[in-house]
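Residue numbers for the sequence shown follow our numbering, beginning at 16 and rising by one. What follows is a short report on a single structure.
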Amino acid sequence: MRHLLAWTLVAAAAPAAAPPSSAATVPPANCPRLTTPWYGDNRARIQRTIDERGRCGAPAGTPVAVFDWDNTVTKNDVTDATLDWALEHDKLLRPARWKDTSAWLTDDADRALTEACGDAVPVGAPLPTSTTVRCTDEILAIREQGRTMRGAAAFAGSWNHRRTVPQYAWVPQLFAGRTVAELSSYARSARAEALAAPVGSTRVLGTHTLPAYVRYYAQQRDLIGTLQRAGFDVHIVSAGSEPVTEVWSRGVGVDAAHTLAIRSVLDGRGRITTRNEGCGDVPASRGEAIPYIDGKRCWINQEIYGVRGAAAWRRQDPAHRPALAAGDADTDVTFVGDATGVHLVVNRNKDELMRRAYDDADGRWLVNPMFIEPLPRRPDPYPCSTRAYTAPDGSRGPVLREDGSVVADQKDRVH
Numbered sequence: 016m017r018h019l020l021a022w023t024l025v026a027a028a029a030p031a032a033a034p035p036s037s038a039a040t041v042p043p044a045n046c047p048r049l050t051t052p053w054y055g056d057n058r059a060r061i062q063r064t065i066d067e068r069g070r071c072g073a074p075a076g077t078p079v080a081v082f083d084w085d086n087t088v089t090k091n092d093v094t095d096a097t098l099d100w101a102l103e104h105d106k107l108l109r110p111a112r113w114k115d116t117s118a119w120l121t122d123d124a125d126r127a128l129t130e131a132c133g134d135a136v137p138v139g140a141p142l143p144t145s146t147t148v149r150c151t152d153e154i155l156a157i158r159e160q161g162r163t164m165r166g167a168a169a170f171a172g173s174w175n176h177r178r179t180v181p182q183y184a185w186v187p188q189l190f191a192g193r194t195v196a197e198l199s200s201y202a203r204s205a206r207a208e209a210l211a212a213p214v215g216s217t218r219v220l221g222t223h224t225l226p227a228y229v230r231y232y233a234q235q236r237d238l239i240g241t242l243q244r245a246g247f248d249v250h251i252v253s254a255g256s257e258p259v260t261e262v263w264s265r266g267v268g269v270d271a272a273h274t275l276a277i278r279s280v281l282d283g284r285g286r287i288t289t290r291n292e293g294c295g296d297v298p299a300s301r302g303e304a305i306p307y308i309d310g311k312r313c314w315i316n317q318e319i320y321g322v323r324g325a326a327a328w329r330r331q332d333p334a335h336r337p338a339l340a341a342g343d344a345d346t347d348v349t350f351v352g353d354a355t356g357v358h359l360v361v362n363r364n365k366d367e368l369m370r371r372a373y374d375d376a377d378g379r380w381l382v383n384p385m386f387i388e389p390l391p392r393r394p395d396p397y398p399c400s401t402r403a404y405t406a407p408d409g410s411r412g413p414v415l416r417e418d419g420s421v422v423a424d425q426k427d428r429v430h
């Protein structure tokens with residue numbers, strides 16, 4: 016989720032092209048209109064879907080739009096920003112055993128965390144991460160790379176790689192013992208700092224250099240507001256912590272009821288535990304099913320469309336799928352592909368998502384460079400024909416179309 020800042024700030028997107036002429040009826044002048052610049056003709060194509068599916072068209076029901084959050088609506092990761100703030104302010108509580116924080120944490124990771132963070136404070140007391148460089152380093156290394164500072168695997172075992180990733184699930188688990196209100200307050204403090212920090216700025220925690228800033232993308236804020244005015248039901252679905260994402264989503268007019276992310280199970284005193292709520296036919300667990308790849312589809316089907324049980328993992332009929340869906344990473348590929356009107360992709364050079372986007376099988380995929388600090392063109396093609404797809408067992412293979420044909424390797428064309 017997090018990426019290093021290695022590029023200079025570049026002007027965001029080229030002005031949008033005018034909508035193509037057609038025999039279609041021109042929407043009334045008072046229909047909600049996008050106002051910010053987009054790459055190429057993306058704005059015109061998004062606007063056409065808004066006009067056709069929204070209140071100015073003839074919708075059969077309420078159209079739905081769903082956005083990933085981190086690096087789709089904002090530049091940089093808000094759950095990471097909150098974890099960074101918590102580490103700077105000693106807000107993580109010492110667990111009785113580090114292995115209790117994740118079902119997949121290895122003995123090597125347990126030993127590294129125990130040695131680095133020590134036992135000077137009682138179990139359940141705040142860890143002094145602001146002054147204990149080794150402890151902060153181990154937590155960040157495991158969060159970012161899934162490895163200890165010495166390079167040992169931090170997670171091992173069996174999990175469905177299209178339903179969860181242990182290091183994503185681990186962040187909410189690190190806040191075990193805190194209340195939702197406390198975590199929300201940390202997110203608000205982190206948000207204030209991140210919005211005040213200059214674009215491109217970094218900070219050092221432990222020995223890690225990390226992004227110090229977060230920004231709402233003006234184009235996505237405008238798009239969400241325009242969709243809402245046009246009668247769309249707009250939701251956020253994120254693989255971050257739900258209390259954190261809710262703090263940020265309010266800034267674009269999306270309330271908590273429309274914000275889906277990792278929901279921690281609370282104990283009898285209302286405190287966060289290392290378990291999270293389940294989806295479909297997967298019950299509450301220690302991270303087996305989170306809003307990640309196919310998990311995002313499951314949460315959308317369950318929470319927005321009311322689909323229950325195993326069916327929530329399956330693609331629904333067009334009337335029970337979003338009209339517009341937006342994402343930036345492979346974790347978004349399933350739900351973005353489910354959209355019936357626009358599959359909007361912010362290009363962060365992620366193999367499976369960009370393969371789907373550039374193949375553009377249904378002619379509805381739109382690729383936009385990141386609006387702040389866009390990446391340069393990827394020099395080598397995306398390995399679509401060999402290893403861009405992640406299977407449930409974690410193996411890599413070719414990306415297939417619905418008819419079973421293999422997609423050819425794709426060049427990076429929008430940057």
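All C-beta atoms, glycine included, are put in the ideal place defined by N, C-alpha and C. Source: prediction; values computed, not measured.
Here Trp-380 carries a strand assignment [DSSP, helix/strand/coil]. Taking 3 residues as the minimum length, the stretch 172 to 207 contains no beta strand (DSSP E) run wholly inside it. If you draw a 10 Å sphere on the C-beta of Gln-188, you find 16 or more other C-beta atoms in it, and that means buried. Rounded to whole angstroms, Arg-68 and Val-214 show a C-alpha spacing of 36 Å. A straight-line Cα-Cα distance of about 20 Å links Arg-402 and Val-360.
A direct Cα-Cα distance of roughly 30 Å separates Arg-330 from Phe-170. Using a C-beta cut-off of 8 Å, the stretch 297 to 306 makes contact with the stretch 108 to 128, since at least three inter-stretch Cβ pairs fall below that distance.
Under DSSP, Asn-291 forms a beta bridge with Ser-279 and Ser-300. Of Leu-238, Ala-75 and Tyr-183, the smallest CA-CA separation from Ser-256 is found for Tyr-183. Under a 10 Å Cβ-count criterion, Ser-199 is classified as buried, with 16 or more other Cβ atoms of the shown protein chains found around its own Cβ.
Secondary structure within the stretch 146 to 170: the alpha helix (DSSP H) runs of 4 or more consecutive residues, fully enclosed, are 148 to 160 (chain order). Under the criterion of beta carbons closer than 8 Å, Gly-310 and Cys-294 qualify as touching, at roughly 6 Å. Taking a cut-off of 8 Å on C-beta distances, the stretch 349 to 363 touches the stretch 377 to 384, as three or more cross pairs fall below it. A direct Cα-Cα distance of roughly 27 Å separates Leu-415 from Tyr-320. Annotated as proximal: Thr-87 and Ala-341, with beta-carbon spacing under 8 Å. In this structure Val-422 is buried. Its beta-carbon is surrounded by 16 or more other beta-carbon atoms within 10 angstroms.
Going by DSSP, Arg-68 is part of the alpha helix (DSSP H) stretching over 57 to 68.
The beta-carbon distance between Val-136 and Arg-109, rounded to whole angstroms, is 5 Å. This is short enough to meet the 8 Å contact definition.
For Ile-315, the uninterrupted alpha helix (DSSP H) run begins and ends at 309 to 318, by DSSP.
For Leu-107, the three-state secondary structure derived from DSSP is coil. When Cβ pairs closer than 8 Å are counted between the two stretches, the stretch 270 to 287 is seen not to touch the stretch 337 to 356, the count staying below three. With 16 or more other CB atoms across the displayed protein chains lying within 10 angstroms of its CB, Leu-238 is buried. Beyond the five residues adjoining it in sequence on each side, Tyr-404 comes within less than 7 Å, by CB distance, of Glu-367, Arg-411, Gly-412, Pro-413 and Val-414 in the same chain, given in chain order. In the three-state reduction of the DSSP assignment, Ser-264 falls in the helix class, which pools H, G and I. Assignment of Val-360 by DSSP, reduced to helix, strand and coil, places it in the strand class. Contact between the stretch 55 to 69 and the stretch 162 to 176 is not established, with fewer than three Cβ pairs separated by less than 8 Å. Ranking Thr-51, Lys-426 and Glu-417 by CA distance to the CA of Pro-394 puts Lys-426 first. When the Cα atoms are used, Arg-323 and Ile-315 turn out to be separated by approximately 11 Å.
Pro-333 carries a helical assignment under DSSP once its states are collapsed to helix, strand and coil.
Secondary structure of Ala-254 (DSSP, three-state): strand. Around the beta carbon of Thr-144, a 10 Å sphere encloses 16 or more other beta carbons of the protein chains shown; the residue is thus reported as buried. Counting only the Cα atoms, Pro-258 lies some 22 Å from Leu-142. Annotation: Val-219 is outside any alpha helix (DSSP H); the continuous beta strand (DSSP E) that includes it extends over 217 to 220. Thr-179 and Arg-312 have their C-alpha atoms roughly 13 Å apart.
In the displayed model, Arg-416 falls within coil according to three-state DSSP, outside both helix and strand.
Comparing alpha carbon positions, the residue from Gly-139, Ala-167, Leu-128 and Val-138 closest to Val-148 is Leu-128.
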